[in-house]
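*Asks:* Dropping a structure here in structure tokens format, bear with me for questions.
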Amino acid sequence: MRFNIFKNTVLLFVFIMISCASKAKSKIAIKDETDLTVQNDSSIAVGANQTKAYLPLLKGKRVGIVANQTSVIFRKEKQQTILVGPETNEQSLGHIIEKDTMTHLVDSLISLKVAVKKVFSPEHGFRGRVDAGELVKDGIDTKTNLPIVSLYGKNKKPTKEQLEGLDIVVFDIQDVGVRFYTYISTLHYIMEACSEQGIPVLILDRPNPNGHYVDGPTLEIKNKSFLGMHPIPLVHGMTIGEYAQMINGEKWLKNGTQCEITIIPIKNYTHNTFYSLPIRPSPNLPNDQAIKLYPSLGLFEGTHINAGRGTEFQFQRYGAPFLDKKALPFNYTPIANFGAKYPKHKNNLCYGEDLQNEELNGIMTLKWVIKAYQNSTDKSLFFNTNNFTKHAGTDKLQKQIEAGLSETEIKVTWQDDLKTFKNTRDKYLIYD
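Read in order, the letters of the sequence shown correspond to residues 9 to 440 in the numbering used here.
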């Protein structure tokens with residue numbers, strides 16, 4: 009396995025050869041300063057911001073980019089305030105303030121004279137406005153006139169023809185660390201297609217907001233789908249860069265091939281670093297609370313329970329018309345809105361729970377799925393069996409819930425698989 013990782017030290021590139029778990033050699037290039045100041049009050053610098061590390065890799069190359077609305081470079085711009093006299097209206101210069109701004113990676117690279125030739129669009133589209141599960145169409149980006157190739161729908165893996173004429177593919181998408189969040193499946197297919205055509209992939213890494221823990225049932229390969237392609241737990245605790253190394257190292261690509269990858273890592277990040285996403289990664293993950301609850305409430309996507317789609321509190325509530333209103337009196341009515349044209353139980357009163365203020369950190373929980381099932385007035389309406397199995401990665405979980413097992417009893421059955429995965433995961437971690 010061959011991969012490159014860029015990290016920071018003193019003013020020049022230093023190459024160090026180390027052995028990874030597969031006994032293959034790794035090339036690590038180390039550099040000093042982050043090129044652009046980044047968002048929020050931490051010192052985290054995402055891979056995209058470290059332009060000096062990767063622009064040389066793109067110079068003179070024909071570039072394809074896998075991107076969506078989260079693929080941005082963050083900046084701080086200095087602005088001079090203007091003071092106006094209270095009586096004379098005379099103007100004078102005031103303090104200099106810093107303002108957070110961002111530019112899309114595609115726009116930035118074009119302005120830097122990089123030969124961007126094509127954009128590949130994942131689920132939710134290039135600009136991030138497409139509903140979950142909705143067909144993403146090929147097209148032209150109106151801002152740049154670049155062709156957009158959809159990777160969601162029938163064509164999830166780039167064809168030879170779609171990659172033709174490219175020298176390198178850049179992957180830069182914000183993930184949330186949950187197996188059925190489909191960006192890691194898109195990563196798999198990009199790596200597989202590029203390995204078949206001998207095209208290297210450059211990964212600009214970003215923090216995983218759920219990267220501080222590993223939890224949930226492990227996928228059984230017989231239940232493989234685009235909602236889960238690999239034998240990993242529901243919450244995997246890895247960044248996109250780390251996960252790409254695992255795909256290569258575990259030889260999960262077709263015929264055991266491996267893709268040449270270069271990773272630009274995050275500066276000043278550990279798996280225990282809190283990171284608030286400045287851009288919603290998809291239409292129905294609007295804030296930190298939704299992202300935190302998503303591993304738990306995402307299982308409702310495999311049931312006939314509404315998980316807040318069609319409201320402004322996606323993945324912060326759940327409900328259905330057939331839940332017992334005495335046990336679960338909180339109610340709301342889903343309507344068509346941004347990101348959910350056809351939410352479950354559209355225009356119907358749903359009973360359930362409001363979880364906006366729920367404290368949950370470092371675990372995924374089954375308590376809400378179990379509670380909703382137990383309080384269904386007609387349990388035959390609860391599961392969408394095939395879809396629930398795809399989300400859970402196993403058909404055992406539905407059977408356990410139907411049999412009345414407690415969350416504690418169910419979680420005990422996960423532990424051997426979680427221990428095995430964590431041992432494997434350790435081989436591919438970039439960050440503490």
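Note that the Cβ used here is the ideal one computed from N, Cα and C, for glycine as well.
Can you tell which of E200, T226, K275 has the C-alpha that lies nearest to the C-alpha of G264?
*Replies:* Checked all of E200, T226, K275; the closest Cα to G264 is E200.
*Asks:* Let me confirm a value: Y350 is counted as buried when at least 16 other C-beta atoms fall within 10 Å, else exposed. Which label applies?
*Replies:* The residue in question, Y350, is exposed, as its Cβ has fewer than 16 Cβ neighbours within 10 Å.
*Asks:* Out of E320, I343, I271, W376, state which residue places its alpha-carbon closest to the alpha-carbon of T59.
*Replies:* The residue with the shortest Cα to Cα distance from T59 is I271.
*Asks:* Return the residue from the list A252, D403, K164 that minimises the CA-CA distance to D447.
*Replies:* What is shown of the chain runs 9 to 440, which leaves residue 447 out entirely.
*Asks:* Tell me where the alpha helix (DSSP H) around R433 begins and ends.
*Replies:* 423-433 is the extent of the alpha helix (DSSP H) around R433.
*Asks:* Verify whether the separation of the beta carbon atoms of D362 and R317 is less than 9 Å.
*Replies:* Contact: no.
*Asks:* Quick check on DSSP: helix, strand or coil for Y221?
*Replies:* Coil at Y221, not helix or strand.
*Asks:* According to DSSP, is S129 helix, strand or coil?
*Replies:* Looking at S129 - three-state DSSP - the assignment turns out to be strand.
*Asks:* Using only alpha-carbon positions, find the residue among P273, P303, L305, L336 that is nearest to D440.
*Replies:* Looking at the Cα atoms, P273 is the closest of the given residues.
*Asks:* Can you check DSSP and say which residues form a bridge with H112?
*Replies:* BP columns for H112 point to V80.
*Asks:* Within 9 Å of any Cβ in chain D, is that where the Cβ of I118 sits?
*Replies:* The displayed structure is made up of one protein chain only, and chain D is not part of it.
*Asks:* Give the straight-line distance between the Cα atoms of K39 and N431, rounded to the nearest whole angstrom.
*Replies:* Caution applies to K39, whose pLDDT of 30 falls short of 50 and renders its modelled position unreliable; the model cannot decide the point.
*Asks:* Roughly how far, in whole angstroms, is the beta-carbon of F52 from the beta-carbon of P215, given that I think they are within contact range, below 8 Å?
*Replies:* The amino acid occupying residue 52 in the given sequence is Ile; Phe does not appear at that position. With 8 Å as the limit, I52 and P215 qualify as a contact, their Cβ atoms being about 6 Å apart.
*Asks:* Out of L437, L117, K84, which one is the CA nearest neighbour of H279?
*Replies:* Ranking the options by Cα distance to H279, first place goes to L437.
*Asks:* What did DSSP end up calling S158 once you bin it into helix, strand or coil?
*Replies:* Strand.
*Asks:* Within 10 Å of its beta-carbon, does S414 have 16 or more other beta-carbons around it, so buried, or fewer, so exposed?
*Replies:* Counting Cβ neighbours within 10 Å, S414 comes out exposed, since fewer than 16 surround it.
*Asks:* Return helix, strand or coil for P329, following the three-state DSSP convention.
*Replies:* Residue state, collapsed to three classes: coil.
*Asks:* Apart from the five residues on each side of it in sequence, which residues of its chain come closer than 6 Å, Cβ to Cβ, to Q406?
*Replies:* Excluding residues within five positions, the ones whose Cβ falls inside 6 Å are F391, F396.
*Asks:* I need the straight-line Cα distance from V177 to D403, nearest angstrom please.
*Replies:* Straight-line Cα distance between these residues: approximately 37 Å.
*Asks:* Alpha carbon to alpha carbon, how far is T341 from T416? Give it in angstroms, no decimals.
*Replies:* Cα to Cα, T416 sits roughly 32 Å from T341.
*Asks:* For a quick check, are the C-beta atoms of V114 and L154 less than 9 Å apart?
*Replies:* Yes, the pair counts as a contact, with Cβ atoms nearer than the cut-off.
*Asks:* For the putative contact between P241 and T190, defined by C-beta atoms under 8 Å, what is the C-beta separation to the nearest angstrom?
*Replies:* P241 to T190, Cβ: 17 Å. No contact.
*Asks:* Can you name the start and end residues of the alpha helix (DSSP H) that D296 belongs to?
*Replies:* Looking at the DSSP string, the run of the alpha helix (DSSP H) that includes D296 is 296-305.
*Asks:* Comparing alpha-carbon positions, which option in E367, N339, L368 lies nearest N355?
*Replies:* If we check each option's Cα against that of N355, N339 comes out closest.
*Asks:* Pull up the DSSP beta-bridge partners for N314, would you.
*Replies:* DSSP, once it has assigned bridges, lists G327 as partnering N314.
*Asks:* What are the boundary residues of the beta strand (DSSP E) that includes A75?
*Replies:* It spans 70-75 - the beta strand (DSSP E) in which A75 sits, taken as one unbroken run.
*Asks:* Can the beta-carbon of C267 be found less than 9 Å from the beta-carbon of S193?
*Replies:* Result no, Cβ atoms of C267 and S193 do not sit closer than 9 Å.
*Asks:* DSSP has P289 in a bridge; who is on the other side?
*Replies:* Looking at the DSSP assignment, P289 forms no beta bridge with any residue, so it has no partner.
*Asks:* Measure the Cβ-Cβ separation of N292 and F323 and say whether it is below 9 Å.
*Replies:* Yes, the Cβ-Cβ distance between N292 and F323 is below 9 Å.
*Asks:* Expressed to the nearest angstrom, what Euclidean distance is found between the alpha-carbon atoms of G310 and W422?
*Replies:* Cα to Cα, the separation comes out at about 20 Å.
*Asks:* Using DSSP bridges, identify the partner residues of E361.
*Replies:* Answer is Y326.
*Asks:* Taking Cβ positions, are I195 and H399 nearer each other than 9 Å?
*Replies:* Residue identity check: residue 195 is Leu in the sequence provided, not Ile. Contact flag unset, no.
*Asks:* Classify N339 as helix, strand or coil using the three-state DSSP reduction.
*Replies:* In the structure shown, N339 sits in a strand (DSSP, three-state: E or B).
*Asks:* CA-CA distance, K67 and P208?
*Replies:* So the two alpha carbons sit approximately 14 Å from each other.
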